[in-house]
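**Q** Protein chains in written order, with the working numbering: chain A, 37 to 194; chain B, 58 to 149.
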């Protein structure tokens with residue numbers, strides 16, 4: 037039975053794989069919930085392969101592949117409801133891009149940049165790629181409200 | 058926004074090339090920001106160290122292990138340095 041896994045397990049990224057290790061303290065992973073620990077020369081930290089089978093026990097979280105093209109506009113509500121998006125497996129000019137409008141505008145900058153790259157104008161390409169990342173940042177900042185506060189010195193007279 | 062509208066805004070008529078660039082741009086977006094987040098689960102096998110990273114995972118945000126006692130998935134730490142033992146011939 038696995039317990040305290042946040043303290044007793046670790047992973048190392050090795051190419052396309054991850055390597056899972058159990059971290060053993062003094063040969064055991066059971067008694068590490070100490071607040072004060074007296075140094076003991078017999079205690080050693082050791083990494084070993086997982087010593088138990090856990091069904092569905094490893095979970096990755098990350099950004100996932102997204103279907104790039106869908107048959108409906110993802111930015112338009114349908115009768116007040118979220119649109120039902122189905123992947124367009126053979127996209128053409130009538131397909132919709134599966135992004136919000138700001139990110140779609142960023143894609144336009146990316147394509148303009150690639151067109152300039154193909155034309156050999158690296159300066160303009162850099163400009164459009166900068167615009168691309170600027171719109172990405174704008175889209176991201178739309179999701180959160182950041183508040184900046186500045187400390188005021190009590191003896192500052194301005 | 059349709060692909061045609063994108064093509065009109067960029068002044069190009071090469072549909073396949075635009076579709077490919079849109080795919081590239083979306084991949085770049087996913088690589089930079091957390092636009093579409095997913096989870097993948099697989100079994101942990103006794104004595105097995107290596108597990109493949111899911112093919113459609115673009116950017117790892119966390120790796121978790123199921124705490125069967127607490128019945129929760131908990132994030133585990135990433136080891137910065139490769140362990141000294143490169144292969145254990147007799148894992149416990």
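All C-beta atoms in this analysis are idealised placements derived from N, C-alpha and C, irrespective of residue type, glycine included.
For clarity, every value in this text was computed on a predicted model and none was experimentally measured.
#1: Residues in the same chain with beta-carbon distance under 7 Å from residue 145(A), minus the five sequence neighbours each way, listed in chain order, please.
#2: Does DSSP put residue 161(A) in a helix, in a strand, or in coil?
#3: With 7 Å as the threshold, decide whether the Cβ of residue 77(B) is near any Cβ in chain A.
#4: Could you check where the alpha helix (DSSP H) with residue 142(A) kicks off and where it finishes?
#5: Using a beta-carbon distance cut-off of less than 7 Å, what residues from the segment 80 to 97 of chain A approach chain B?
#6: CA-CA distance, residue 49(A) and residue 135(B)?
#7: With 16 other CB atoms within 10 Å as the buried threshold, where does residue 123(B) fall?
#8: Check the Cβ-Cβ distances between residue 140(A) and every residue of chain B, and say whether any is below 7 Å.
#9: 7 Å is my cut-off, CB to CB: does residue 59(B) come that close to chain A?
#10: Interface residues of chain A around residue 114(B) at Cβ under 7 Å?
#11: Quick check on DSSP: helix, strand or coil for residue 67(B)?
#12: My output table needs one value for residue 105(B): the three-state DSSP class, helix, strand or coil.
#13: What do you reckon, are the CB atoms on residue 94(A) and residue 102(B) nearer than 7 Å?
#14: Which residues of the segment 108 to 123 of chain A have a Cβ closer than 7 Å to any Cβ of chain B? Give them in chain order.
#15: Determine contact between the segment 79 to 97 of chain B and the segment 109 to 119 of chain B, defined as no fewer than three beta-carbon pairs at a distance below 8 Å.
#16: Using only CA atoms, which one of 124(A), 162(A), 39(A) and 86(A) lies nearest to residue 107(A)?
#17: Quick one: any contact between the segment 113 to 131 of chain A and the segment 129 to 143 of chain B, if contact means 3 or more CB pairs under 8 Å?
#18: Am I right that residue 43(A) and residue 148(B) are in contact with their C-beta atoms under 8 Å? What's the rounded C-beta distance?
**A** Once the coordinates are examined:
#1: Counting from 1 along the first chain, the entry for residue 145(A) is found at position 109. So the qualifying residues of the chain are 164, 167, 168 and 171.
#2: For the purposes of this step, residue 161(A) is identified with residue 125 of the first chain, where counting begins at 1. Residue 161(A) falls in the helix class under three-state DSSP.
#3: Here residue 77(B) is taken as the residue at index 20 of the second chain, counted from 1. Taking Cβ atoms only, chain A never reaches closer than 7 Å to residue 77(B), which makes this a no.
#4: Position 106 of the first chain, counted from the first residue, corresponds to residue 142(A). That run of the alpha helix (DSSP H) goes 137 to 155.
#5: 83, 84, 85, 86, 87, 88, 89, 90, 91, 92, 93, 94, 95, 96 and 97
#6: Against the first chain, residue 49(A) aligns to sequence position 13. Against the second chain, residue 135(B) aligns to sequence position 78. Cα to Cα, the separation comes out at about 8 Å.
#7: Here residue 123(B) corresponds to residue number 66 of the second chain, with the count starting at 1. Around the Cβ of residue 123(B), a 10 Å sphere holds 16 or more other Cβ atoms; the residue is buried.
#8: Counted from its first residue, the first chain places residue 140(A) at position 104. Residue 140(A) counts as touching chain B.
#9: Taking the first residue of the second chain as position 1, residue 59(B) is located at position 2. So yes, residue 59(B) belongs to the interface.
#10: Counted from its first residue, the second chain places residue 114(B) at position 57. Under the 7 Å cutoff, chain A gives 96, 98 and 100.
#11: Numbered from its first residue, the second chain carries residue 67(B) at position 10. Looking at residue 67(B) - three-state DSSP - the assignment turns out to be helix.
#12: In the second chain, the residue the question calls residue 105(B) occupies position 48. Three-state DSSP puts residue 105(B) in coil, outside helix and strand.
#13: Numbered from 1 along the first chain, position 58 holds the residue referred to as residue 94(A). Numbered from 1 along the second chain, position 45 holds the residue referred to as residue 102(B). It is not a contact, given that the beta carbons lie outside the stated cut-off.
#14: Result list empty, no residue passes.
#15: yes
#16: Against the first chain, residue 107(A) aligns to sequence position 71. Residue 124(A) is the option with its Cα nearest to residue 107(A).
#17: no
#18: In the first chain, residue 43(A) corresponds to position 7, counting from 1. In the second chain, residue 148(B) corresponds to position 91, counting from 1. Not confirmed; about 21 Å, so no contact.
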